[in-house]
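Enquirer:
There are 2 protein chains.
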Amino acid sequence: MNTNFLRACKGEAVDHTPIWIMRQAGRYLPDYHKVRGKVTFLELCKTPELACEVTLQPVDILGVDAAILFSDILVTPEAMGMDLEFQEKRGPVLPHPVRSQADVDKLIVPDPTDKLGYVMDTIRLLRKELAQKVPLIGFCGAPFTLATYMIEGGSSKSFFETKKMMYAAPEIYANMMDKVTDSVISYLQAQAEAGAQALQVFDSWAGALALCDFEEFALPYVKRIINALKPAGVPLIYFANNGATLLEKTKTCGADVLGLDWRVQIEEAVKIIGPDIAVQGNLDPCALLLPEDKLEKRIQRILDGAKGAKGHIFNLGHGILPETPPEKAKFVVDTVHRLTAK
Amino acid sequence: MNTNFLRACKGEAVDHTPIWIMRQAGRYLPDYHKVRGKVTFLELCKTPELACEVTLQPVDILGVDAAILFSDILVTPEAMGMDLEFQEKRGPVLPHPVRSQADVDKLIVPDPTDKLGYVMDTIRLLRKELAQKVPLIGFCGAPFTLATYMIEGGSSKSFFETKKMMYAAPEIYANMMDKVTDSVISYLQAQAEAGAQALQVFDSWAGALALCDFEEFALPYVKRIINALKPAGVPLIYFANNGATLLEKTKTCGADVLGLDWRVQIEEAVKIIGPDIAVQGNLDPCALLLPEDKLEKRIQRILDGAKGAKGHIFNLGHGILPETPPEKAKFVVDTVHRLTAK
Numbered sequence: 003m004n005t006n007f008l009r010a011c012k013g014e015a016v017d018h019t020p021i022w023i024m025r026q027a028g029r030y031l032p033d034y035h036k037v038r039g040k041v042t043f044l045e046l047c048k049t050p051e052l053a054c055e056v057t058l059q060p061v062d063i064l065g066v067d068a069a070i071l072f073s074d075i076l077v078t079p080e081a082m083g084m085d086l087e088f089q090e091k092r093g094p095v096l097p098h099p100v101r102s103q104a105d106v107d108k109l110i111v112p113d114p115t116d117k118l119g120y121v122m123d124t125i126r127l128l129r130k131e132l133a134q135k136v137p138l139i140g141f142c143g144a145p146f147t148l149a150t151y152m153i154e155g156g157s158s159k160s161f162f163e164t165k166k167m168m169y170a171a172p173e174i175y176a177n178m179m180d181k182v183t184d185s186v187i188s189y190l191q192a193q194a195e196a197g198a199q200a201l202q203v204f205d206s207w208a209g210a211l212a213l214c215d216f217e218e219f220a221l222p223y224v225k226r227i228i229n230a231l232k233p234a235g236v237p238l239i240y241f242a243n244n245g246a247t248l249l250e251k252t253k254t255c256g257a258d259v260l261g262l263d264w265r266v267q268i269e270e271a272v273k274i275i276g277p278d279i280a281v282q283g284n285l286d287p288c289a290l291l292l293p294e295d296k297l298e299k300r301i302q303r304i305l306d307g308a309k310g311a312k313g314h315i316f317n318l319g320h321g322i323l324p325e326t327p328p329e330k331a332k333f334v335v336d337t338v339h340r341l342t343a344k
Numbered sequence: 003m004n005t006n007f008l009r010a011c012k013g014e015a016v017d018h019t020p021i022w023i024m025r026q027a028g029r030y031l032p033d034y035h036k037v038r039g040k041v042t043f044l045e046l047c048k049t050p051e052l053a054c055e056v057t058l059q060p061v062d063i064l065g066v067d068a069a070i071l072f073s074d075i076l077v078t079p080e081a082m083g084m085d086l087e088f089q090e091k092r093g094p095v096l097p098h099p100v101r102s103q104a105d106v107d108k109l110i111v112p113d114p115t116d117k118l119g120y121v122m123d124t125i126r127l128l129r130k131e132l133a134q135k136v137p138l139i140g141f142c143g144a145p146f147t148l149a150t151y152m153i154e155g156g157s158s159k160s161f162f163e164t165k166k167m168m169y170a171a172p173e174i175y176a177n178m179m180d181k182v183t184d185s186v187i188s189y190l191q192a193q194a195e196a197g198a199q200a201l202q203v204f205d206s207w208a209g210a211l212a213l214c215d216f217e218e219f220a221l222p223y224v225k226r227i228i229n230a231l232k233p234a235g236v237p238l239i240y241f242a243n244n245g246a247t248l249l250e251k252t253k254t255c256g257a258d259v260l261g262l263d264w265r266v267q268i269e270e271a272v273k274i275i276g277p278d279i280a281v282q283g284n285l286d287p288c289a290l291l292l293p294e295d296k297l298e299k300r301i302q303r304i305l306d307g308a309k310g311a312k313g314h315i316f317n318l319g320h321g322i323l324p325e326t327p328p329e330k331a332k333f334v335v336d337t338v339h340r341l342t343a344k
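Chains A and B, in that order, are what the protein sequence lines are.
Per my numbering, residue 3 is the first one in the first sequence, and the count goes up by one each step.
Per my numbering, residue 3 is the first one in the second sequence, and the count goes up by one each step.
1. Would you kindly work out how many angstroms separate the C-alpha atoms of Y34 of chain B and D17 of chain B, rounded to a whole number?
2. Opposite I21 of chain A in the DSSP bridges: which residues?
3. I need the straight-line Cα distance from G155 of chain A to L318 of chain B, nearest angstrom please.
4. Within 10 angstroms of the Cβ of M178 of chain B, are there 16 or more other Cβ atoms? Answer buried if so, exposed if not.
5. Mind listing which residues of the stretch 270-287 of chain A have their C-beta closer than 8 Å to chain B's C-betas, in chain order?
6. In chain order, what residues of the same chain have a beta carbon less than 8 Å from the beta carbon of T254 of chain A, not counting five sequence neighbours either side?
7. Could you confirm whether any beta carbon from chain E is found closer than 7 Å to the beta carbon of A246 of chain B?
8. By a C-beta neighbour count over all protein chains shown, 10 Å radius and 16 as the cutoff for buried, is Q103 of chain B buried or exposed?
9. How would you list, in chain order, the residues of chain B whose beta-carbon sits under 7 Å from the beta-carbon of R265 of chain A?
10. Could you run through the stretch 153-180 of chain B and flag, in chain order, every residue whose CB is less than 8 Å away from some CB of chain A?
11. As an exercise, report each continuous beta strand (DSSP E) stretch of at least 3 residues that is fully enclosed by the stretch 154-232 of chain B, in chain order.
12. Classify N229 of chain B: buried if its beta carbon has 16 or more other beta carbons within 10 angstroms, exposed otherwise.
13. Would you mind reading off the limits of the beta strand (DSSP E) that contains V281 of chain B?
14. Whose C-beta lies closer than 6 Å to the C-beta of S206 of chain A among residues of the same chain, with five residues either side of it excluded?
15. L31 of chain B CB to nearest chain A CB: under 7 Å?
16. In terms of residue numbering, what span does the alpha helix (DSSP H) encompassing L238 of chain B cover?
17. Would L1 of chain B count as contacting chain A if we go by Cβ distances under 7 Å?
18. Between H314 of chain B and V281 of chain B, is the Cβ-Cβ spacing less than 7 Å?
19. Indicate whether P145 of chain B and T183 of chain B have their beta-carbon atoms separated by less than 7 Å.
20. With a threshold of 7 Å between beta carbons, is L323 of chain B in contact with chain A?
21. By alpha-carbon positions, which one of B:L58, B:G256, B:L213 and B:L118 ends up nearest to Q193 of chain B?
22. What residues in its chain sit with their C-beta under 7 Å from that of A151 of chain B, if we drop five residues either side in the sequence?
23. Bridge partners of F141 of chain B, per DSSP?
24. Quick check: the Cα distance between L52 of chain A and L249 of chain B, rounded to an integer number of angstroms?
25. Quick check on this structure: which residue in A:G140, A:I268 and A:R300 has the alpha carbon closest to the alpha carbon of I187 of chain A?
26. Assuming L31 of chain B and P50 of chain B are in contact, meaning their beta carbons sit under 8 Å apart, how far apart are those beta carbons, in whole angstroms?
27. Would you report the Cα separation of D62 of chain B and K344 of chain B, rounded to the nearest angstrom?
28. So, I153 of chain B versus V100 of chain B, is the Cβ gap smaller than 7 Å?
29. Taking DSSP as the reference, what is the three-state secondary structure of Q302 of chain B?
30. Is the separation between the beta-carbon of Q267 of chain B and that of L262 of chain A shorter than 7 Å?
31. Which residues mark the beginning and the end of the beta strand (DSSP E) in which V335 of chain A is found?
32. Taking the straight line between their C-alpha atoms, what separation do you get for I304 of chain A and N284 of chain A?
33. Is it buried or exposed, I275 of chain B, if we count other Cβ atoms within 10 angstroms and call 16 or more buried?
34. Inspect the beta-carbon positions of T19 of chain A and F316 of chain A and report whether they are closer than 7 Å.
35. Please go through the same chain and pick out, in chain order, the residues whose beta-carbon is closer than 8 Å to the beta-carbon of Y240 of chain B, but skip the five residues on each side of it.
36. Alpha carbon to alpha carbon, how far is M3 of chain A from A133 of chain A? Give it in angstroms, no decimals.
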């Protein structure tokens, strides 16, 4: 069993810098398309055998140091009672968004072993398959990010409706966030119980918030989750995307590891975060289009920049793009291993 | 003539902190819709009488301290020979994107008094109308931002094609950027000659770049523009949107004023930028949904935060949203004036 990923999360000695890649089980892999071609995206998430199969693909093809559960952050709002569709060009659509206290009242805090049982089944299957290989990461969306989808009814550019609720109806927003947070906590606890060996909280849209709003409307819920999950005893990773201006606050969230997007220089982030938290990141996904010599230089720069942190897990600064040649992803994995081999 | 805006750009004493609002002539104003209802968006840009009319609306309705030419950054690629359409839901579309050296070869560096003569006509009309009121700001897109539209063929999330060209065909990218930069320089020179009293360079997508890419693929062209425009003798404003992580470099661009989006705390930005450059910004456009007492507190915080800068022009951190009630925009203008009246 390759435990470098888990050791890096805790700041322990590693044989090489571990690497995994956000969306590593995904559309850039022909093997993924073979499975995905048979079912819809949500069916893939909800069929443990298939979700397990695509989760394992990058472990075998790329040689990454961790697997991450194939799923989607929006299964949580769906389990809370919201309708959810994935439209080919538009992305996720929640046709009945939350806009009022009455809408909030309709949301349930689901029993995850019931409503999200397929996720726990996938995790149990995966742990068997991964036994001699690498650790398994579970995940969820952070409450603010989930709230944006639930309030906007899908993706957004300005997050107008979300911020309108935050600013003009803060009590409705808080009531909704309490339900989302409770749902996320029990969902992550169930993932850990089923066998997830680390948990990542994705705050994909945190970067849309001014610092004062992040402090008031997003961070407290993240802290509540991390506090509640501490007893589970697995490393906790918080990734606030586009979050360079939030680091002074994200570093207080209690996570073992902070994910970093590519906009921030990793050495600058480490200066702010300090030596007591591990970091994860942060190569621009588009950098995989560079010629190999230049790509290797960028990888080296990130490895050097992370040296002051408690630990470093190499990753991209955002999900790998569907257009990426798989051999370039493999090159990144091999290069990180080669450059850091003890 | 209210010259507070021009004085703030230069760091001179002002009667009150001047304010204008990005996209202040736009869809949140019923008066704008009355004009826009008669013509397409591009027709509005290209009809000097109508462009003049909508440019003047916020000066009269809101009492802002500067007018900004009603136009679009994409008139430059169109003048360079590219087809341009605005589709109601999709936004701008350039159906024949630049992907090869042959595509770059087809681009022309236009004579702006010919291809963009309608802009200069609008500026001359506006200067007459604004004579006793406020200064007029001209503008253009920064080369990197224009390049993203020209290469992607429209808006993008990942800027995959743009970065692919940067990384895999840097000489084609450079050739294209040279033409874009030359076009922008002569366009801004013509705007200044026609009467624009300040010029803003919008780098709307700069925040998609890692610092090393910004330094290599975006900033040199901005510097070239600013150097070329210095002899025009009008204040130059550079706005790198989502650019908190770029400030160490943007401050070297030579602009008199740096625009700031709402993600960065203005006092943190001023610490990095120093006391020799004025700043412009940076209220979250969504903050206009706050109750007035909370909105006023945010405005005060920004005014306080900007105190170490050479000068401060109040603005939003991004364009005003179409959903904004005009009376809230008026409240912001009045509040900035009231809180800073000498």
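From the three backbone atoms N, C-alpha and C, an ideal C-beta is built for every residue, glycine too.
Keep in mind the model is a prediction, meaning the values are calculated, not measured.
Expert: Looking at the coordinates:
1. Here residue 34 of chain B is taken as the residue at index 32 of the second sequence, counted from 1. Here residue 17 of chain B is taken as the residue at index 15 of the second sequence, counted from 1. Whole-angstrom Cα-Cα distance: 30 Å.
2. Within the first sequence, residue 21 of chain A is the residue found at index 19, counting from 1. Its beta-bridge partners are A:F316.
3. Residue 155 of chain A sits at position 153 when you count from the first residue of the first sequence. Residue 318 of chain B sits at position 316 when you count from the first residue of the second sequence. In a straight line, the C-alpha of G155 of chain A is about 26 Å away from that of L318 of chain B.
4. In the second sequence, counting from the first residue as 1, residue 178 of chain B sits at position 176. By the 10 Å Cβ count, M178 of chain B comes out buried.
5. E270, D286 and P287
6. Indexing the first sequence from 1 puts residue 254 of chain A at position 252. The residues are L221 and K225.
7. Of the protein chains in the structure, A and B, none is chain E.
8. Stepping through the second sequence from its first residue, residue 103 of chain B is reached at position 101. Exposed, since its Cβ has fewer than 16 Cβ neighbours within 10 Å.
9. Residue numbering aside, residue 265 of chain A sits at position 263 when the first sequence is read from its first letter. Ordered by position in chain B, the residues that pass the 7 Å Cβ test against R265 of chain A are G209, A212 and T247.
10. Hits within the stretch, in order: S160, F161, F162, K165, K166, Y169 and A170.
11. 200-205
12. The sequence position of residue 229 of chain B within the second sequence is 227, counting from 1. Exposed: under 16 other Cβ atoms inside 10 Å.
13. Counting from 1 along the second sequence, the entry for residue 281 of chain B is found at position 279. Segment A280 to L285, the beta strand (DSSP E) holding V281 of chain B.
14. Looking up residue 206 of chain A in the first sequence gives position 204. The answer, listed in chain order, is T147 and N243.
15. Start at 1 with the first residue of the second sequence, and residue 31 of chain B comes out as number 29. Between L31 of chain B and chain A, the shortest Cβ-Cβ separation is not below 7 Å.
16. Counted from its first residue, the second sequence places residue 238 of chain B at position 236. First-last for L238 of chain B: L238 to A242, but that is the beta strand (DSSP E), not the alpha helix (DSSP H).
17. Given a span of 3 to 344 for chain B in the structure shown, any question on residue 1 of chain B remains unanswerable.
18. Taking the first residue of the second sequence as 1, we reach residue 314 of chain B at position 312. Taking the first residue of the second sequence as 1, we reach residue 281 of chain B at position 279. Yes, the Cβ-Cβ distance between H314 of chain B and V281 of chain B is below 7 Å.
19. Indexing the second sequence from 1 puts residue 145 of chain B at position 143. Indexing the second sequence from 1 puts residue 183 of chain B at position 181. Yes, they are a contact pair.
20. To locate residue 323 of chain B, count along the second sequence from 1; it is residue 321. Taking Cβ atoms only, chain A reaches closer than 7 Å to L323 of chain B, which makes this a yes.
21. Numbered from 1 along the second sequence, position 191 holds the residue referred to as residue 193 of chain B. Among B:L58, B:G256, B:L213 and B:L118, the Cα nearest to that of Q193 of chain B is on B:L118.
22. Walking along the second sequence from the start, residue 151 of chain B turns up at place 149. It should be noted that the sequence gives Tyr, not Ala, for residue 151 of chain B. Closer than 7 Å at Cβ, skipping near neighbours: L76, P79, P94 and L96.
23. The residue you call residue 141 of chain B lines up with position 139 of the second sequence. Partner(s): B:Q202.
24. For the purposes of this step, residue 52 of chain A is taken as residue 50 along the first sequence, with counting starting at 1. For the purposes of this step, residue 249 of chain B is taken as residue 247 along the second sequence, with counting starting at 1. In a straight line, the C-alpha of L52 of chain A is about 46 Å away from that of L249 of chain B.
25. Here the question's residue 187 of chain A lines up with position 185 in the first sequence. Comparing Cα-Cα distances from I187 of chain A to each of A:G140, A:I268 and A:R300, the minimum goes to A:G140.
26. In the second sequence, the residue the question calls residue 31 of chain B occupies position 29. In the second sequence, the residue the question calls residue 50 of chain B occupies position 48. With 8 Å as the limit, L31 of chain B and P50 of chain B do not qualify as a contact, their Cβ atoms being about 19 Å apart.
27. Counted from its first residue, the second sequence places residue 62 of chain B at position 60. Counted from its first residue, the second sequence places residue 344 of chain B at position 342. So the alpha carbons of these two residues sit roughly 23 Å apart.
28. For the purposes of this step, residue 153 of chain B is taken as residue 151 along the second sequence, with counting starting at 1. For the purposes of this step, residue 100 of chain B is taken as residue 98 along the second sequence, with counting starting at 1. Contact: yes.
29. Residue 302 of chain B sits at position 300 when you count from the first residue of the second sequence. Looking at Q302 of chain B - three-state DSSP - the assignment turns out to be helix.
30. Position 265 of the second sequence, counted from the first residue, corresponds to residue 267 of chain B. Position 260 of the first sequence, counted from the first residue, corresponds to residue 262 of chain A. Contact annotation: Q267 of chain B and L262 of chain A have beta-carbon atoms that are not nearer than 7 Å.
31. Translated into positions along the first sequence, residue 335 of chain A becomes position 333. First-last for V335 of chain A: P328 to T342, but that is the alpha helix (DSSP H), not the beta strand (DSSP E).
32. By 1-based counting over the first sequence, the position of residue 304 of chain A is 302. By 1-based counting over the first sequence, the position of residue 284 of chain A is 282. Answer to the nearest angstrom: the Cα atoms are 7 Å apart.
33. Along the second sequence, read from residue 1 onward, the residue named residue 275 of chain B stands at position 273. Classification of I275 of chain B: buried, given that the 10 Å Cβ count is 16 or more.
34. Taking the first sequence and counting its residues from 1, the one referred to as residue 19 of chain A is at position 17. Taking the first sequence and counting its residues from 1, the one referred to as residue 316 of chain A is at position 314. In this structure, F316 of chain A lies closer than 7 Å to T19 of chain A by Cβ.
35. Along the second sequence, read from residue 1 onward, the residue named residue 240 of chain B stands at position 238. Excluding positions up to five away in sequence, the list reads A144, Q202, V203, D205, V224, I228, T252, C255, A257, V259, L260 and G261.
36. As a first step, residue 133 of chain A must be located in the first sequence, where it is residue number 131. As a first step, residue 3 of chain A must be located in the first sequence, where it is residue number 1. Taking the straight line from one Cα to the other gives about 7 Å.
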